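Here is the structure we will look at.
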């Protein structure tokens, strides 16, 4: 399966976080790499949606949709900032 | 609009198809009328959802092809084994309804508020779509920032928005790389984008350009790495990967 990037889950992340997240800055809990969510390596049907760190490939986010709910695992992310947020 | 953090729920809405327009043999632009549209930024996309009679749904993302201030339009390439694109490019008619949500994205956007940085736009195939929005936004807003568009496409017959792109002159230059087939007498680039072509087309780093690269994953990787190699700061190379034809 071909890898996309964080832009591809802009809609899903907006659904989960309630706001635009692709321009947010994330820090990988594994290697410490920091960069925009848009740069995540993303697999849409892994199964579920999986975002990995572009630097070290560690799993950052897993989102599985079941019975109308999104089950969200963010344990791969050490820090998530929206610099433009008030 | 840049930098504002408007908290707005992203909800599915039903848009009316106002018009469809075939761009190439496999690519169609769909103009939408959306009753509840907050406006969009150049480079953003929408999610489209199709629902089958048995309730099965399929979602895809499509870049917005129209400028901010224009009605929303998307341009869709038909993928041979696609679940969604064959319907959108072959079945959908003006007057039909389409379920969508958006606008989406805040990274791969160009607002035109940094007029000092020349723009390099690099498109692979239907990666040209968000650049139509950016180029139209530039023209409509009266921006004078110079633009170089590098467009990698199989053949001239596969060029999307050919008529519109041909009208750009002067401070917008368009360079094609024809990867499969070139007409007799073609003096432009043949084959995939390579380092010499990139070095030729890309703005010198000293001009402090900003680059946007959109296309199939492999194209984006090649071009983005190539730009960084010739000195572009990685954070001035914005990328959007949409997978390759047949990838979904």
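Residue numbers (this note's numbering), protein chains in the order written: chain A, 1 to 86; chain B, 1001 to 1248. Cβ coordinates follow ideal geometry from the N, Cα and C atoms, glycine included. Treat the numbers as computed from the prediction; the structure is a model and nothing was measured.
query	result
Are there three or more Cβ pairs, one per stretch, closer than 8 Å when the stretch 1081-1089 of chain B is compared with the stretch 1032-1043 of chain B?	no
Is there contact here, the stretch 1013-1026 of chain B with the stretch 1096-1113 of chain B, by at least three beta-carbon pairs under 8 Å?	yes
Using a 10 Å radius around the Cβ and a threshold of 16 neighbouring Cβ atoms, would you call residue 28 of chain A buried or exposed?	buried
Should residue 1196 of chain B be counted as a contact of the ligand COA given a C-beta to heavy atom distance under 6 Å?	Absent from the structure shown: the ligand COA. Ligands present: none.
Can you list, in chain order, the residues of its chain with a C-beta nearer than 7 Å to that of residue 40 of chain A? Leave out the 5 residues immediately preceding and following it.	5, 6, 51, 52, 54, 60
Verify whether the separation of the beta carbon atoms of residue 1127 of chain B and residue 1214 of chain B is less than 7 Å.	yes
If you compare alpha carbons, which of A/48, A/35, A/11 is closest to residue 56 of chain A?	A/35
At which residues does the beta strand (DSSP E) containing residue 1049 of chain B begin and terminate?	1045-1051
Am I right that residue 1058 of chain B and residue 1076 of chain B are in contact with their C-beta atoms under 8 Å? What's the rounded C-beta distance?	About 13 Å; that fails the 8 Å criterion.
In the DSSP output, what is residue 67 of chain A paired with across the bridge?	Beta-bridge pairing links residue 67 of chain A to no other residue.
Determine the chain B residues that contact residue 3 of chain A at a beta-carbon separation under 9 Å, and present them in chain order.	1217, 1241, 1243
Would you check if the stretch 1039-1048 of chain B and the stretch 1068-1075 of chain B touch, i.e. whether three or more CB-CB distances between them fall below 8 Å?	yes
Cβ of residue 1043 of chain B less than 7 Å from any chain A Cβ?	no
List the residues of chain B that residue 23 of chain A touches, going by C-beta distances under 7 Å, in chain order.	1106, 1107
Which stretch, first to last residue, makes up the beta strand (DSSP E) that contains residue 1063 of chain B?	1057-1063
Report the residues of the stretch 1051-1073 of chain B with a CB closer than 9 Å to any CB of chain A, ordered along the chain.	1059, 1061
On the DSSP letters alone, give me the boundaries of the beta strand (DSSP E) that residue 1022 of chain B sits inside.	1013-1022
In this structure, what does DSSP give as the bridge partners for residue 1173 of chain B?	B/1148
In whole angstroms, what is the alpha-carbon distance linking residue 1251 of chain B and residue 1060 of chain B?	Residue 1251 of chain B lies beyond the residue range present for chain B, which begins at 1001 and ends at 1248; the question has no answer from this structure.
State the Cα-Cα distance for the pair residue 1073 of chain B and residue 1093 of chain B, rounded to the nearest angstrom.	14 Å
Would you call the stretch 1100-1109 of chain B and the stretch 1193-1209 of chain B in contact, with 3 or more CB pairs under 8 Å?	no
Under 9 Å, CB to CB, which of the residues in the stretch 14-38 of chain A have a partner in chain B?	14, 15, 18, 19, 20, 21, 22, 23, 24, 35, 36, 37, 38
Extract the residue ranges of the alpha helix (DSSP H) inside the stretch 1180-1222 of chain B, only unbroken runs of 4 or more that lie entirely within it.	1195-1201
Counting pairs of beta carbons, one from the stretch 8-20 of chain A and one from the stretch 1208-1222 of chain B, are three or more of them closer than 8 Å?	no
Just to confirm before moving on: does the CB-CB distance between residue 1156 of chain B and residue 1175 of chain B stay below 7 Å?	no
Please report whether the beta-carbon of residue 7 of chain A lies at a distance below 7 Å from any beta-carbon of chain B.	yes
Do residue 1023 of chain B and residue 978 of chain B come within 7 Å of each other at the CB atom, strictly closer than that value?	The question about residue 978 of chain B has no answer, for chain B in this structure spans 1001 to 1248.
Is the beta carbon of residue 49 of chain A sitting closer than 7 Å to the one on residue 77 of chain A?	no
How is residue 1224 of chain B classed by DSSP in three states: helix, strand or coil?	helix
CB-CB under 6 Å to residue 1165 of chain B, same chain, minus the five flanking residues each way: which ones, in chain order?	1174
Which ranges would you report for the beta strand (DSSP E) in the stretch 1117-1164 of chain B if only whole runs of at least 3 residues count?	1119-1124, 1147-1153
With a CB to CB cut of under 8 Å and the five nearest residues on each side skipped, what residues in its chain are close to residue 1031 of chain B?	1017, 1018, 1019, 1020, 1021, 1066, 1071, 1072, 1073
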